[in-house]
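**Student:** This is the structure I want to talk about, given as structure tokens.
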Amino acid sequence: GKFHAVDSKEVAFVSAGKKAFLDAIQKANPVVLEPVVDIHVSVPQENMGDITGDLSSKRGRISGTSTGSGGMLTVSGKVPLSELDSYQSQLKSVTGGAGTYAMQFSHYDPVPPMIQKQLAAEYKPTADED
Numbered sequence: 001g002k003f004h005a006v007d008s009k010e011v012a013f014v015s016a017g018k019k020a021f022l023d024a025i026q027k028a029n030p031v032v033l034e035p036v037v038d039i040h041v042s043v044p045q046e047n048m049g050d051i052t053g054d055l056s057s058k059r060g061r062i063s064g065t066s067t068g069s070g071g072m073l074t075v076s077g078k079v080p081l082s083e084l085d086s087y088q089s090q091l092k093s094v095t096g097g098a099g100t101y102a103m104q105f106s107h108y109d110p111v112p113p114m115i116q117k118q119l120a121a122e123y124k125p126t127a128d129e130d
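Going by this note's numbering, the letters in the sequence shown line up with residues 1 to 130, in that order.
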């Protein structure tokens with residue numbers, strides 16, 4: 001605790017704080033989490049295979065299917081929200097505009113290690129993040 005003319009500069013405190021923070025983060029073994037949604041997709045029966053395959057390719061987990069009216073089936077499951085960016089247009093393309101979907105937040109899951117590495121490689125800190 002005493003003031004020392006050489007070591008008591010603001011930059012020394014900022015540097016020590018950064019080092020302590022980075023050390024604490026490394027010891028905490030942080031994990032990136034992503035939101036996962038419950039999704040219910042209603043499609044004509046002939047498109048069911050396409051939709052289950054598409055949801056599976058998006059890291060989705062199919063939990064079941066049910067029969068609706070007018071030859072429609074509902075496929076239910078859980079999918080990471082990041083995989084559904086342009087899902088409306090994809091669904092329209094696959095079903096010729098006959099499919100609909102609804103989703104709501106379910107929970108957070110850890111991002112798979114390969115995707116975490118990709119996110120870290122793509123991250124570019126801004127000037128104020130140093």
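Glycine is no exception: its CB is placed at the ideal position from the N, C-alpha and C atoms.
With residue 76 as the anchor, note down where its beta strand (DSSP E) starts and where it stops.
**Tutor:** Per DSSP, residue 76 belongs to the beta strand (DSSP E) from 72 to 80.
**Student:** Among the residues of its own chain, which have a CB less than 6 Å from the CB of residue 80, if the five just before and after it don't count?
**Tutor:** Taken in chain order, the residues that qualify are 34, 36, 59.
**Student:** Among residues of its own chain, excluding the 5 on either side of residue 47, which ones have a beta-carbon nearer than 7 Å to its beta-carbon?
**Tutor:** Answer for residue 47: 94, 95, 99, listed in chain order.
**Student:** Under the three-state reduction of DSSP, which class applies to residue 15: helix, strand or coil?
**Tutor:** Looking at residue 15 - three-state DSSP - the assignment turns out to be helix.
**Student:** Please name the residue or residues paired with residue 39 in a DSSP beta bridge.
**Tutor:** Per DSSP, 77, 103.
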